[in-house]
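Trainee: Handing you a structure now.
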Ligand SMILES: Cc1ncc(COP(=O)(O)O)c(C=O)c1O
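In this note's numbering, the protein residues as written are 196 to 676.
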C-alpha cells in the first residue's frame, strides 16, 4: 500500500478533524484550535495499540511532547526528569542537536541503501564497535535488540553446521532474562508472563535458574555457594548431550528482569563451561552496553570475551532504530564457503541504515569526548551510596546496582521476603511522578515477582539533577514506613 492511500483513506480522518474544528456559521470561516491534551488522548484511545500496559492503564497515557536534556514535557506542560532513559536507551537525553545534525547530513548525502552492498557509515561504525569492544569482531547490523538476538542465534546454529557439528542447535537462556519479543528471542527469554498465550515459540530453547543471590534458587548463601548457579549450566549441557548444545545466551546482568547481579566469578565460570563443551557464549548487551555498566560493555566488568555480542538501544541513544550482532572474527571462517548454503542467508531492509549508523557514530563520538562512560560509573557509585540508606526500610528487601543501573526489590517485610504487592510499587512510582520524576519497575516478567523498582537514568544528569533523582527516590520509599 502506498503512503498516500494509507493516509487518505483512513476511515476516521474526517471525525478527527471535527473534534478540533469550531462550528462555522455561514458568514464566518471555521476557526481551528490546537488539539488539547485530552483530544490527543482520545485519538490515542481510538488508534494506538500500546503493549505491556493493562487495558485500563492504557486509557490515560502520558502524551510526551518535548525533550530537553534529561527532561520530558508532556502535552499538558508537566515536566519530568526521566529516570529510565525512555526504555533504557536515551543515555544522552532528549535534545542532543549533534545527533539531529548527523542524521540530517547523512540523509541529505545518502539516506538509504541496504547492506546487501555496503556504505561508509556502516563500515566506520563496525570499525568503531571493534574499538569499543576491544576485540576482533565482524558486525551484522539490524534494527532492534530482538533482531540482534535472532541473528546471533541463527549465526550460532549455522556456525556449528558449517563447522561439521550439525546436531548443535539448542540454546540455553535463563529464567527471568529477557532477549526480545520475536519468536526465537522470546523463546530464549525466561520471563514467562511475556510468553503466555503466544506459545509455541521457536523450538530448541532451555532455561537455567538465574543468579539471584537474594532468592538463591539453590538455597545457597553468597560467598559459600561455589557458584552453584553457574555450575548448573554444566549439568544441563551434559544432560542434554553436549553435542546438541549450540549456545548459551545471557545478559551480563539481568536488567529488565530485576537487575539481578551475579555472584563474583559467575560469568568467568560460565565462559569456562562453554569452552569445555564447545558451546558459544552470546552476551546480550542491549541494555548493559555503551557505558551503562560503567565500562564500555557489561562483560568488560567480568574479564570474559564473548563469542557473540548483541547490542541496540544506547548505540544511538535511542534516536534511531539500530542494532548490531558482533561475532568473533574466527567464527566467520566457516562462513567463507561458496557452496549454495554456505553463507549467512539473512537480509534486512533497514538494518544498518546509513542514517542510523551516522547517528550511532555521533553518539559514540559524544560519549568519548565527554567521558560519559566514566561519568556513568561515577554516578552509579554515587547512586549506590545514596540508596544505601534504604536498606533499613522494612519494605526494602535488596538493593542491586550495575554501573548506573539500580534495582530496589520491594517486599512485604524483610523477614519473609514476600514480594511487595503491586499497589506498593505503584504508590512509589506515582509519588515520584507527582514530584516530576519518572522511575520504572519490572513488569509482566515472572508471575509474583514484578516487585523491583528500577532506575536507568541518562548519563548527562547534572549534579543537581542527580540529587533531585536520588532524594526523590529515597523519600518515596522511606515514606512507606
Ligand atoms: C536485554 C535485552 N535484550 C533484548 C531486548 C530487545 O530489544 P528491542 O526492544 O529493541 O527489540 C531488550 C529490550 O528491552 C533487552 O532489554
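Glycine included, each C-beta is placed from N, C-alpha and C at the ideal position.
Verify the contact flag: residue 657, CB atom, against every heavy atom of ligand 1, threshold strictly below 8 Å.
Mentor: Start at 1 with the first residue of the chain shown, and residue 657 comes out as number 462. It does not: the Cβ of residue 657 is nowhere closer than 8 Å to a heavy atom of ligand 1.
Trainee: Report yes if the CB atom of residue 511 is closer than 9 Å to the CB atom of residue 551, and no otherwise.
Mentor: Translated into positions along the chain shown, residue 511 becomes position 316. Translated into positions along the chain shown, residue 551 becomes position 356. Yes, these two residues count as a Cβ contact at 9 Å.
Trainee: Can you tell me whether residue 332 is buried or exposed, with buried defined as 16 or more other CB within 10 angstroms of its CB?
Mentor: Walking along the chain shown from the start, residue 332 turns up at place 137. Its Cβ being crowded by 16 or more others within 10 Å, residue 332 is buried.
Trainee: Report the residue from 553, 491, 405 whose alpha carbon sits nearest the alpha carbon of residue 562.
Mentor: Counted from its first residue, the chain shown places residue 562 at position 367. Comparing Cα-Cα distances from residue 562 to each of 553, 491, 405, the minimum goes to 491.
Trainee: Is residue 248 buried or exposed, if buried means 16 or more other CB atoms sit within 10 Å of its CB?
Mentor: Locating residue 248 in the chain shown gives position 53, where the first residue counts as 1. Residue 248 is exposed by the Cβ-count criterion.
Trainee: Assuming residue 636 and residue 649 form a contact by the criterion Cβ under 8 Å, report the distance between their Cβ atoms to the nearest whole angstrom.
Mentor: Taking the first residue of the chain shown as position 1, residue 636 is located at position 441. Taking the first residue of the chain shown as position 1, residue 649 is located at position 454. Going by Cβ atoms, the distance from residue 636 to residue 649 rounds to 6 Å, so yes, they are a contact pair.
Trainee: For a quick check, are the C-beta atoms of residue 369 and residue 403 less than 9 Å apart?
Mentor: The count along the chain shown starts at 1 and reaches residue 369 at position 174. The count along the chain shown starts at 1 and reaches residue 403 at position 208. Closer than 9 Å, so yes.
Trainee: Which stretch, first to last residue, makes up the beta strand (DSSP E) that contains residue 604?
Mentor: Translated into the one-based positions of the chain shown, residue 604 becomes position 409. Taken as a continuous stretch (DSSP letters only), the beta strand (DSSP E) holding residue 604 covers 601 to 605.
Trainee: Less than 8 Å between the CB atoms is what I'm expecting for residue 578 and residue 665, so what's the real figure, rounded?
Mentor: Position 383 of the chain shown, counting from 1, holds the residue named residue 578. Position 470 of the chain shown, counting from 1, holds the residue named residue 665. So it is a contact: roughly 6 Å between Cβ atoms.
Trainee: For residue 608 and residue 601, what's the separation of their Cα atoms in angstroms?
Mentor: The residue labelled residue 608 in the question sits at position 413 within the chain shown. The residue labelled residue 601 in the question sits at position 406 within the chain shown. Roughly 20 Å between the two C-alpha positions.
Trainee: Just the C-alpha distance for residue 219 and residue 227, rounded to the nearest angstrom, thanks.
Mentor: Mapped onto the chain shown, residue 219 falls at position 24. Mapped onto the chain shown, residue 227 falls at position 32. Because the pLDDT at residue 219 is just 37, under 50, the model does not fix this residue reliably, and the point stays unresolved.
Trainee: Ignore the nearest five residues each way along the sequence and tell me which others in residue 517's own chain have a CB closer than 6 Å to its CB.
Mentor: As a position in the chain shown, residue 517 is number 322, starting the count at 1. The residues are 510, 511, 551, 555.
Trainee: Do you know offhand how far residue 231's Cα is from residue 502's?
Mentor: By one-based count along the chain shown, residue 231 stands at place 36. By one-based count along the chain shown, residue 502 stands at place 307. Each residue's Cα considered, the two are about 52 Å apart.
Trainee: As an exercise, report each continuous beta strand (DSSP E) stretch of at least 3 residues that is fully enclosed by the segment 348 to 425, in chain order.
Mentor: Listed in chain order, the complete beta strand (DSSP E) runs (minimum 3 residues) inside the segment 348 to 425 are 365 to 369, 400 to 403.
Trainee: In terms of alpha-carbon separation, which member of 367, 598, 398, 452 lies closest to residue 495?
Mentor: Here residue 495 is taken as the residue at index 300 of the chain shown, counted from 1. Answer by Cα proximity: 598.
Trainee: Please confirm whether residue 277 and residue 653 have their CB atoms less than 9 Å apart.
Mentor: As a first step, residue 277 is located in the chain shown; it is residue number 82 there, counting from the start. As a first step, residue 653 is located in the chain shown; it is residue number 458 there, counting from the start. Cβ atoms of residue 277 and residue 653: closer than 9 Å.
Trainee: Indicate, with yes or no, if ligand 1 has a heavy atom lying under 8 Å from the CB of residue 434.
Mentor: Residue mapping note: residue 434 aligns to position 239 of the chain shown, counting from 1. Because no heavy atom of ligand 1 lies under 8 Å away, the Cβ of residue 434 does not count as near it: no.
Trainee: The alpha helix (DSSP H) with residue 550 in it runs from where to where?
Mentor: On the chain shown, position 355 is the one that residue 550 refers to. Its alpha helix (DSSP H) spans residues 549 to 564.
Trainee: Sorted by chain position, which residues of the same chain lie with C-beta nearer than 6 Å to residue 456's C-beta, five sequence neighbours on each side aside?
Mentor: Counting from one through the chain shown, the residue named residue 456 turns up at place 261. Hits under 6 Å: 448, 595, 597.
Trainee: Pick out the complete beta strand (DSSP E) segments inside the segment 252 to 340, 3 residues or longer, and give them in chain order.
Mentor: Entirely contained in the segment 252 to 340, the beta strand (DSSP E) runs reaching 3 residues are, in chain order, 259 to 263, 266 to 269, 274 to 277, 332 to 337.
Trainee: Terminal residues of the continuous alpha helix (DSSP H) containing residue 662?
Mentor: Walking along the chain shown from the start, residue 662 turns up at place 467. It spans 658 to 673 - the alpha helix (DSSP H) in which residue 662 sits, taken as one unbroken run.
Trainee: Is residue 487 helix, strand or coil by DSSP?
Mentor: In the chain shown, residue 487 corresponds to position 292, counting from 1. Correct three-state label for residue 487: coil.
Trainee: So, under 8 Å CB-CB, residue 431 and residue 463 are touching, yes? Tell me the CB distance rounded to an integer number of Å.
Mentor: The residue you call residue 431 lines up with position 236 of the chain shown. The residue you call residue 463 lines up with position 268 of the chain shown. Contact doesn't hold; Cβ gap of about 18 Å is too wide.
Trainee: For the alpha helix (DSSP H) containing residue 579, name the first residue and the last one.
Mentor: In the chain shown, residue 579 corresponds to position 384, counting from 1. Per DSSP, residue 579 belongs to the alpha helix (DSSP H) from 567 to 582.
Trainee: Considering Cα atoms alone, identify which of 416, 453, 469 is closest to residue 439.
Mentor: The residue labelled residue 439 in the question sits at position 244 within the chain shown. Comparing Cα positions, the closest option is 469.
Trainee: Bridge partners for residue 647 per DSSP, in chain order?
Mentor: Against the chain shown, residue 647 aligns to sequence position 452. In the DSSP output, where bridge partners are listed per residue, residue 647 has 604.
Trainee: Who are the Cβ neighbours of residue 274 in its own chain at under 8 Å, not counting the five residues just before and after it?
Mentor: Numbered from 1 along the chain shown, position 79 holds the residue referred to as residue 274. Closer than 8 Å at Cβ, skipping near neighbours: 266, 267, 268, 631.
Trainee: Note the first and the last residue of the continuous alpha helix (DSSP H) segment covering residue 247.
Mentor: Within the chain shown, residue 247 is the residue found at index 52, counting from 1. Per DSSP, residue 247 belongs to no alpha helix (DSSP H) and is neither H nor E.
Trainee: Contact check, residue 321 vs residue 553 under 8 Å by CB: the rounded distance?
Mentor: For the purposes of this step, residue 321 is taken as the residue at position 126 of the chain shown. For the purposes of this step, residue 553 is taken as the residue at position 358 of the chain shown. So it is not a contact: roughly 13 Å between Cβ atoms.
Trainee: Does the beta-carbon of residue 443, which I'm using as the reference point, lie nearer than 8 Å to any heavy atom of ligand 1?
Mentor: By one-based count along the chain shown, residue 443 stands at place 248. No, the Cβ of residue 443 stays beyond 8 Å of every heavy atom of ligand 1.
Trainee: Under a three-way DSSP split, which group does residue 240 fall into?
Mentor: What you label residue 240 is simply residue 45 of the chain shown in a count that begins at 1. Three-state result, residue 240: helix.
Trainee: When you compare the segment 280 to 291 with the segment 252 to 266, are there three or more beta-carbon pairs, one atom per stretch, that lie closer than 8 Å?
Mentor: Verdict: yes, contact present.
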